[in-house]
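Structure, as C-alpha cells:
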Amino acid sequence: MRAALLFALLVGVLTWLPVPVLAAAPLSVKVVAEPAHIETVLGGRFMITTEITNTGTAPSGEILAHLNVASIEGSVYVDPEDWSPSRSQQLSLRPGESRKLTWEIQAVNAGHFAAYVVVVPFGDKVAGKEPLMISPLVDVEVATKPTLTAGGALPVVVLVPLLLGLAAAGVFFTARRRGSDR
Amino acid sequence: MTLQVAPPAVGTVRDVRAGAQGQSRLLVVAEQECRDLWTSGRGLILLFLFSVLLSGVTYLTSTNQALNFLEQRESVNLVLQFAVAVGVLATLVVSADGISGERERGTLETLLVTPVPRRSIIGGKLIAALSLWFATFLVSIPYVWVLARGVGILGRALALGFCVGTLVAIGLGSIGLLISAACNSNKTSIAASIFLLLILFAPTQLPSGLPQGWFFEVLLRANPVASGLAYISSILVEGHDWTQDLALLITPLLTAIIAGGALILAGPRLVRLTRGVNAG
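Taken in order, these protein sequences are the chains called A and B. Heads up: take any position in the first sequence, counting from 1, add 521, and you land on my numbering. Heads up: take any position in the second sequence, counting from 1, add 17, and you land on my numbering.
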C-alpha cells in the first residue's frame, strides 16, 4: 500500500515537472519596424526596415518573416503580391542576435493601409500552436497622384504620326512620279 | 557559280592619302545609301509606322486606368524601352536587306565594279542602317518629353536611350549585315534577322513574378538587347547610379565590338556575287 502511494506520488511529481528537453522552446523574438508612418503617392516606391531580435535564451531555429499589407480604411481591395513581389525572408537567430530585414514596396492602391511583418516558426517541427510575433504596424498613406492625362499626350500622339505620314506620302509619291517620268 | 570580282586597289596602309580617300569613299557610299533609304520613302514609311506604334503605347500609358498605378518614371521607361527595341528592329531589318537585297535586285554587280573598296561599301551600308536608328530616336523624343516632364528625368532618359540604343544598334546592325552577306535570298536574310531578334526579346517578355534564378540571370546578361534594356530600367526606375549596373553593358559593348570587328575583317570576303534568286 505504501509502495503504491509512493509510486503514485512519484508519477504525479514527474508529470507535474516541465520536461524542457522534449518540448521545443517557445519562439521568443521581438520585431521592430521603421519608419512608423509613410506618405507616398500612387505608384510610389518605398522601403520599410524591420529589426528582428531573438530575446530568448535558445536559438530561434528556422523562422520566417512575412510581410503583409492590409487596408485599414474604406473597402479597398489589397493584393499584397502586387505591393511587393518578395514578401518572405527566412532566417535563424542565436540568443541575443538581431537581424535587419528590408522590404521594398510599391503602392499600387490609393488609400490608408497598414504594413506589418509577422514572424512564424518554419520547418517540419512546427506543431501548429506556436504564437506569432508581429511587428507594430507601419501606417501607409497613399495619395492619388496627378496621373498623365489624355489631353496632355494627345497633341504629340496625333501630330507626330500625322506629320510623318504626310512627309512619307509626299516623298513616296514624288519618287514614284520621278520614276514614271523616266 | 560564284563570280569573284577583285576589289579595287586602295593603296598601302602607309599611304595616308589613300586612307583619306578610303574614308571619303565610305562617306560617298553612306551618302548614297542614305539617299536611297530616305528619298525612296522607305525610311519615312518605317518611321511613320514607328510613330504610330509609339503613339499607341504613349496614349495607353497616359490614359489606361489599369496602367495608371504605374509611376511616371515607369511610364517613361516603358516608352523608352519600346522606342529602343523597335528602333533597333528597324535598323536590323534595313541592314538585313543590305547585301542580299542588292544581290536579289541584281544591283550588287554594278556596285562591285565601282572603284570603291568593299569595306567602304559595308561601312556605308551600316551607316545608312544606323541613320534609321538615329531617326527613330529623334521621333521618340517628343513622346519621352510628354511623359517625363515634371519628373525631372528627361535628360537622363534621353541620354540613356541614345547611348544604350546606339550601342545595341551598332551590334545588331553589324549582325544583320553579316547575315545579309551570308544569305543568297533577301527573304532568308530578313527572316533570320527577325528570328534572331525574337530570340533576343524572348527573355524580356517573361512574367516578372516568375522565380528568376541564376539561369535567368545568365540569359539576361548574355543577351545584348535584354541587358541593355535592364540597364535603362535600373537607372530610370530603380534610381541606381550610372556606374552601379555598368556590367549590364558588357554584352552590348562586346556584341558591337565583335560583330563590328567581324564585319570589318570579313566584310571584303563576304561582299561577293553568288547564285541568288535573280542570278540565273
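We put the beta carbon where it would ideally sit given N, CA and C, even for glycine.
Beta-bridge analysis with DSSP links residue 135/B to no other residue.
Within chain A, not a single residue places a beta-carbon under 9 angstroms from that of residue 175/B; the smallest gap is close to 15 angstroms. In terms of CA proximity to residue 94/B, 74/B leads the group 74/B, 109/B, 113/B. For residue 673/A, the chain B residues whose C-beta falls within less than 8 angstroms of its own C-beta are 79, 163, listed in chain order. The beta-carbon of residue 686/A is placed less than 8 angstroms from the nearest beta-carbon of chain B.
Against chain A, a Cβ distance below 7 angstroms from residue 69/B picks out 682. The beta-carbon distance between residue 654/A and residue 548/A, rounded to whole angstroms, is 6 angstroms. This is short enough to meet the 8 angstroms contact definition. At least one C-beta of chain B is nearer than 8 angstroms to the C-beta of residue 689/A. Listed along chain B, the residues sitting closer than 7 angstroms to residue 692/A by beta-carbon distance are 56, 58, 61. Within 9 angstroms of the CB of residue 250/B, no CB atom of chain A is found; the nearest one sits about 13 angstroms away. For residue 289/B, DSSP assigns no beta-bridge partner whatsoever. For residue 585/A, the uninterrupted beta strand (DSSP E) run begins and ends at 583-592, by DSSP. Assigned with DSSP and collapsed to three states, residue 601/A falls in helix. Inter-segment contact for the stretch 107-115 of chain B and the stretch 160-176 of chain B is absent: fewer than three beta-carbon pairs are separated by less than 8 angstroms.
The alpha-carbon separation between residue 76/B and residue 605/A amounts to approximately 27 angstroms. Residue 154/B and residue 693/A have their alpha carbons spaced roughly 22 angstroms apart. In the DSSP assignment, residue 575/A is bridged to 550/A.
With contacts defined as CB atoms closer than 8 angstroms, residue 118/B and residue 147/B fail to qualify as a contacting pair. Listed as beta-bridge partners of residue 621/A by DSSP are 572/A. Your pair residue 96/B and residue 71/B checks out as a contact, with CB atoms roughly 7 angstroms apart and the cut at 8 angstroms. The beta carbon of residue 603/A sits closer than 6 angstroms to those of 629, all from its chain and outside the five residues before and after it, given in chain order.
Taking 7 angstroms as the cut-off between beta carbons, none of the residues of the stretch 236-262 of chain B comes near chain A. A check of alpha carbon separations from residue 265/B across 246/B, 280/B, 219/B identifies 246/B as the nearest. If you ignore the 5 residues before and after residue 238/B, its C-beta comes within less than 8 angstroms of the C-beta of 244, 264, 265, 267, 268, all in its own chain and listed in chain order.
Under the Cβ distance rule, residue 106/B does not count among the residues neighbouring chain A, no pair being separated by less than 8 angstroms.
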